[in-house]
């Protein structure tokens, strides 16, 4: 709920979120990233080049599911 009410993520929030995503199993990461991408400030943060390695697999899985 907190992420939906924030117009922007603080750097610490962004880094902690990505670290959390990084430790999740692939299926849970996929589900959480899919859900988080519906929140504009979080989607912008996850789209950052510095987080590519963490979210790329989840984004590919989302793309494959949509096909």
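Numbering (the working numbering), first residue to last: 154 to 220.
Idealized CB from N, CA, C, for every residue including glycine.
- Taking C-beta atoms under 8 Å as the contact rule, residue 174 and residue 208 qualify, at a distance of about 7 Å.
- A Cβ-Cβ distance of about 4 Å is found for the pair residue 186 and residue 211, placing them in contact under the 8 Å criterion.
- Under a 10 Å Cβ-count criterion, residue 218 is classified as exposed, with fewer than 16 other Cβ atoms of the shown protein chains found around its own Cβ.
- DSSP places residue 174 inside the alpha helix (DSSP H), whose first and last residues are 164 to 176.
- Distance from the CA of residue 182 to the CA of residue 156, rounded to the nearest whole angstrom, comes to 17 Å.
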